[in-house]
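Throughout, this note's numbering is defined as the position within the sequence shown, counted from one, plus 156.
We put the CB at the ideal spot given by N, CA and C, even for glycine.
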Amino acid sequence: MTATATKSIPTALVIISTLLHLSTTAFAIGVNYGTLANDLPSPSQVANFLKTQTIIDSIKIFDANPDILRAFANTNITVTVTVGNGDIPALVDANAASQWVANNIKPYYPQTRIKLIAVGNEILFTGNKEWIARLVPCMKSLHQALVRAGIKDVKVSTPHTLGILHNSVQPSAARIRPGYDRVIFAPMLQFLRQTRSPLMVNPYPYFSYSPSMENYILFKPNRGVHDKNTNITYTSMFVAMLDAVYSAIKAMGYGELDIVVAESGWPSLGDPNQPMCTVENAMSYNKNMIRVVTSGKGTPLMPGRRFETYVFALFNENLKPGTTAERNWGLFRPDFSPVYDAGLMRNGQSPGPRPRPSPTTGKKWCVPKADASDKALQANIDYVCSQGVDCKPIQAGGACFNPNNVRSHASYVMNSFYQSHGRHDFDCDFSQTGVLTTSDPSHGTCKYI
Ligand SMILES: *[C@@H]1O[C@H](CO)[C@@H](O)[C@H](O)[C@H]1NC(C)=O
Ligand SMILES: *[C@@H]1O[C@H](CO)[C@@H](O)[C@H](O)[C@H]1NC(C)=O
157 MTATATKSIP
167 TALVIISTLL
177 HLSTTAFAIG
187 VNYGTLANDL
197 PSPSQVANFL
207 KTQTIIDSIK
217 IFDANPDILR
227 AFANTNITVT
237 VTVGNGDIPA
247 LVDANAASQW
257 VANNIKPYYP
267 QTRIKLIAVG
277 NEILFTGNKE
287 WIARLVPCMK
297 SLHQALVRAG
307 IKDVKVSTPH
317 TLGILHNSVQ
327 PSAARIRPGY
337 DRVIFAPMLQ
347 FLRQTRSPLM
357 VNPYPYFSYS
367 PSMENYILFK
377 PNRGVHDKNT
387 NITYTSMFVA
397 MLDAVYSAIK
407 AMGYGELDIV
417 VAESGWPSLG
427 DPNQPMCTVE
437 NAMSYNKNMI
447 RVVTSGKGTP
457 LMPGRRFETY
467 VFALFNENLK
477 PGTTAERNWG
487 LFRPDFSPVY
497 DAGLMRNGQS
507 PGPRPRPSPT
517 TGKKWCVPKA
527 DASDKALQAN
537 IDYVCSQGVD
547 CKPIQAGGAC
557 FNPNNVRSHA
567 SYVMNSFYQS
577 HGRHDFDCDF
587 SQTGVLTTSD
597 PSHGTCKYI
């Protein structure tokens, strides 16, 4: 978040008080605390950092590491633990499940707010027939073991890739893949309903990256993708993915289940052939995703819903195999310095380096490029006015209605968008139809913010 304004004091005050409000309001966001690294701080340092320095209020871990479970005792940060994929078949057995709960949950609960047990990770796409066949029986077995142990508020679920869907280009037409729908999902969704547990999904627009879709994927201004069945135009792939998941489970009669975003994120650094992995893109993706899941506005098909969400990931993890990107998904470096300002520090602080510091030498405004077409500028107006920016000033009777033409109206609202979305250069990109200027475009009664 950028909270400097040099020109208009009232605007600056409004922005600053909004930021303070946001940072003290309970908005719930989680992180995946992966540990494939040899340079991470101790779990108790991590617990202390998250509790005292950030507004992160939940973590998800990829095992049931006792050191982490102990470290998070009495922090009020909730913890989702994971059952190893390979443990699934054995835990179908009631005694084994009880033993697992006795070893991994009971010693820490309730001092550590264990909230959810994720049974394996992305099991349907491991291709392992035994794990797939045992998944739902294992979920039921662990749930029953919790009940026998008198633990009532720890839920059981399992995270899925969006590979569970087919036909997901039009979100409303998405369905659970044939084959999985009856055999796995019918009993799983029934179990989740009966136990009031959420469906967990790992939506990753990152893995669908293509340069032509970049703005759609990164929550930047774009024309959107139209769903002809619902007449909804999606301007964010992440939102379209959530609605695809919803459509698929709704078609099976389970539209009311809560959906947890168990993983999503963006790497801040990649190899030379991964140019999409930049600090700017990671910041744009994560900040906007967090805004969508916490705003309470929901999605077109799920209005008003919030989505419990775990950003991937808390730390850059230096021992992860694969490309450079794999080791750079973190919000923080091992020394707790933020890789970029994701808006998750307490008190609206934004310590650490910013990719493009806002100018200290003078204010900038966002205006249309000279060669931008009216058609493109109209699309910018439509986009910005659908994003909560105040467009009354360009309507008849408004202070910026005259001159009454597309370019002048676009100029006013593109600037409003830029000023209210953090004043990053990319907030004035508009598919390369916007440009920053240092001369104030205000005219007559029309005062640019
Ligand atoms: C713990 O967190 C919950 C939200 O998950 C909140 O409602 C509650 O007030 C917190 N309790 C304390 C003691 O901070
Ligand atoms: C689809 O939406 C557009 C814009 O919101 C509207 O003008 C149009 O009438 C709608 N069409 C149908 C078939 O509902």
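Annotation: SER576 to CYS433 spans about 25 Å, alpha carbon to alpha carbon. Using a 10 angstroms sphere on the CB of GLY460, the tally of other CB atoms stays under 16, which defines it as exposed.
The DSSP-derived three-state label of THR317 is strand. The shortest CA-to-CA distance from ILE217 to any of ILE211, ASN277, VAL303, PHE205 is the one to ASN277. For the options TYR574, MET501, PRO559, ASN230, the alpha carbon positioned closest to that of ASN536 is the one of TYR574. Distances from the CB of ASN232 to the heavy atoms of ligand 1 include at least one below 8 Å.
In this chain, the alpha helix (DSSP H) harbouring MET295 covers 285 to 304.
Membership of SER403 in the alpha helix (DSSP H) is indicated by the continuous run 393 to 407.
Exposed is the label assigned to ARG304, since fewer than 16 other Cβ atoms lie within 10 Å of its Cβ. If you keep only unbroken beta strand (DSSP E) runs of at least 3 residues inside the segment 477 to 556, you get 521 to 524. Distance between SER587 and GLY190, taken at the CA atoms: about 35 Å.
Within the same chain, Cβ atoms closer than 7 Å to the Cβ of ASN241 are found at GLY276, ASN277, ILE279, THR282, TRP287, the five residues on either side in sequence being excluded.
Secondary-structure assignment with DSSP links PHE471 through a beta bridge to PHE488. PRO315 is not a Cβ neighbour of VAL381, given a cutoff of 9 Å.
If you check the C-beta of ASN387 against ligand 2, you find a heavy atom less than 8 Å away. Shown here, LYS262 sits in coil according to DSSP, grouped into three states, outside any helix or strand. Spatial neighbours of CYS556 in its own chain (CB-CB distance under 6 Å, excluding positions within 5 residues in sequence) are listed in chain order as PRO549, ILE550, TYR568, CYS602. The alpha-carbon of GLN350 is positioned some 54 Å away from that of VAL562. Rounded to the nearest angstrom, the gap between the Cα atoms of GLY454 and GLN201 is 34 Å. The residues LYS548, in chain order, have a CB closer than 6 Å to that of GLY554 in the same chain once the five nearest residues on each side in sequence are set aside. DSSP places MET458 in the coil class of the three-state scheme, outside both helix and strand.
With contacts defined by Cβ atoms closer than 9 Å, ILE405 and LEU398 do not form a contacting pair.
With a cut-off of 8 Å on Cβ pairs, the segment 357 to 377 is in contact with the segment 411 to 427, counting three or more such pairs. Under the three-state reduction of DSSP output, VAL325 falls in the coil class, being neither helix nor strand. For ILE373, the uninterrupted alpha helix (DSSP H) segment begins and ends at 370 to 373.
The DSSP-derived three-state label of LEU425 is coil. Within a 10 Å sphere around the beta-carbon of HIS580 sit 16 or more other beta-carbons, which makes this residue buried. Here PHE463 really is in contact with VAL416; their C-beta atoms are around 7 Å apart, less than 8 Å. Comparing alpha carbon positions, the residue from ILE373, MET439, THR234 closest to TYR496 is MET439.
According to the DSSP secondary-structure assignment, VAL381 is paired through a beta bridge with TYR390. For ligand 1, no non-hydrogen atom lies closer than 8 Å to the CB of ASP219. Residue pairing by DSSP puts MET356 in a beta bridge opposite PRO315, VAL416.
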